[in-house]
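Undergrad: After the structure tokens below, expect a handful of questions from me.
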Amino acid sequence: MSTPIPQPPGTFFIGNLNEIDSNYAIGSLRRLHTLYGDIYRLTILGKNIVVLSSQELVNFVCDESRFEKELGKPLIELRAVTGDGLFTAHTSEPNWKLAHKILLPAFGPNAIRGMFSEMMDIASQLILRWERFAGEEIDACDNFTRLTLDTIALCSFDYRFNSFYHNKMHHFVDAMVNVLSESGNRARRLSLQNTLMRGTAMKYQDDIAYIHKLCDEIVQQRREHPSDINDLLNRMIKGKDPDTGYQLSDENIRYQMVTFLIAGHETTSGLLSFTFYYLLKNPHALQKAQAEADQIDEITIDTLPKLKYIDAVLKETLRLQPTAPAFGLRS
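The numbering of the sequence shown is our numbering, which starts it at 1 and goes up by one.
Right, here's the structure in full:
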């Protein structure tokens, strides 16, 4: 016998819209999970949404033969800067499948091993900065943003933002933060509001243009000065679909670069920020993590697997504060 999916009471036209705090949507979903359980339904402006909050249910819907990725309004707006890059592409778009075929090998263990020296390069800059300012207050979140942005750029495109050599964050970060914020804001506004807010719209377009220009310049520089480096940029420029021989266009390469820089750096910087927060809130865990790190004479790709407790700390942090806490699917 089937059981109706629970749903909070709604109001005419807007449905359950008032249940969601636009400034902290995930907090609202957690509250509703406490009230209604692992599965509940919301109706927002006529659209029916089923929210799942258990591993078992999520595993059930992660069946690509029955469900596919759904882009919510914020991601639709974000396509202004990321286009049909992997994160915001519809699965029906040709470049989604093409990019998957070309880029998937770049994320295997051997590829990551080849990036380790570049990762250590940027990590050493962070350590040097912290040693230099020992005893002073440090904005850890700011520093982790610099760390992950510089690491992604160097490992993926052999490009240096040199964030640790400047007090002010690189303009790319400001533009990126503005675009992410405004994409979310535009998704919540009426179309007429977005049209009338001309100053905001111009700033939005200027930031997008700057981000695209930087990525295009990196691609142009690589084309003018070819390299044998086995990074993501070369894979995108030289890679071909093994079945069709098709290659990614320069426009799509730009969109993939923006996707990696935005999604790649923000998720990891968020993870590191919350990890340090929880360690500082739990001194016994911090001491245990420090003791484990002190047992390693030198951090190498081969000694990393020995840091089992730190690995567990990172995974527990992701469980408590997932940097990508939700995703959408449709049948």
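Heads up, the beta-carbon is just placed ideally off N, CA and C, and yes, glycines get one too.
No experiment lies behind these values; they were computed from the predicted model shown.
Using 9 Å as the threshold, is the C-beta distance between R146 and M169 below it?
TA: Taking the first residue of the sequence shown as 1, we reach residue 146 at position 146. Taking the first residue of the sequence shown as 1, we reach residue 169 at position 169. Going by C-beta atoms, R146 is nearer than 9 Å to M169.
Undergrad: Count the other C-beta atoms from every protein chain shown that fall within 10 angstroms of the C-beta of H265, then say buried if there are 16 or more, exposed otherwise.
TA: Here the question's residue 265 lines up with position 265 in the sequence shown. It is buried - the Cβ of H265 has at least 16 other Cβ atoms within 10 Å.
Undergrad: Using 8 Å as the threshold, is the stretch 322-330 in touch with the stretch 263-277, meaning 3 or more CB pairs across them?
TA: Counting Cβ pairs under 8 Å, three or more are found: they touch.
Undergrad: What runs of the alpha helix (DSSP H), each 4 residues or longer, lie entirely inside the stretch 259-313?
TA: Those alpha helix (DSSP H) runs which fall completely within the stretch 259-313 and span 4+ residues are 265-281 and 283-294.
Undergrad: On a Cα-Cα basis, can you pick out the residue from E137, D63 and D250 that is closest to Q221?
TA: Counting from 1 along the sequence shown, the entry for residue 221 is found at position 221. That would be D250, whose Cα lies nearest to the Cα of Q221.
Undergrad: Looking at the secondary structure, which residues open and close the beta strand (DSSP E) in which R129 lies?
TA: As a first step, residue 129 is located in the sequence shown; it is residue number 129 there, counting from the start. Run containing R129: none in the beta strand (DSSP E); it sits in the alpha helix (DSSP H), F116 to R132.
Undergrad: Suppose contacts are defined by Cβ-Cβ distances below 9 Å. Is M257 in contact with L103 by that definition?
TA: Position 257 of the sequence shown holds residue 257. Position 103 of the sequence shown holds residue 103. No, the pair does not count as a contact, with Cβ atoms beyond the cut-off.
Undergrad: Using 10 angstroms around the beta-carbon of A289, count the other beta-carbons present and answer buried if the total reaches 16, otherwise exposed.
TA: To locate residue 289, count along the sequence shown from 1; it is residue 289. When all chains shown are included, A289 counts as buried.
Undergrad: For L126, which residues in the same chain have their Cβ closer than 7 Å to its Cβ, ignoring the five residues on either side in sequence?
TA: By one-based count along the sequence shown, residue 126 stands at place 126. Excluding sequence neighbours, L126 sits near N143, L147 and F164.
Undergrad: With C-beta atoms as the reference, is N162 less than 9 Å away from D150?
TA: Here residue 162 refers to the residue found at position 162 of the sequence shown. Here residue 150 refers to the residue found at position 150 of the sequence shown. Cβ distance < 9 Å, so N162 and D150 count as in contact.
Undergrad: Measuring CB to CB, does K308 end up less than 9 Å from I296?
TA: Taking the first residue of the sequence shown as position 1, residue 308 is located at position 308. Taking the first residue of the sequence shown as position 1, residue 296 is located at position 296. No, the pair does not count as a contact, with Cβ atoms beyond the cut-off.
Undergrad: Is the Cβ-Cβ distance between I20 and S28 less than 9 Å?
TA: If you number the sequence shown from 1, residue 20 lands on position 20. If you number the sequence shown from 1, residue 28 lands on position 28. Taking 9 Å as the Cβ cut-off, I20 and S28 qualify as a contacting pair.
Undergrad: Taking the C-alpha atoms as reference points, what is the distance between A80 and L286?
TA: For the purposes of this step, residue 80 is taken as the residue at position 80 of the sequence shown. For the purposes of this step, residue 286 is taken as the residue at position 286 of the sequence shown. Each residue's Cα considered, the two are about 42 Å apart.
Undergrad: Along the alpha helix (DSSP H) that carries I218, what are the first and last residues, could you check?
TA: Position 218 of the sequence shown, counted from the first residue, corresponds to residue 218. Segment R198 to E224, the alpha helix (DSSP H) holding I218.
Undergrad: Check for me: the beta strand (DSSP E) holding L45 runs from which residue to which?
TA: Looking up residue 45 in the sequence shown gives position 45. Run containing L45: none; DSSP gives neither H nor E here.
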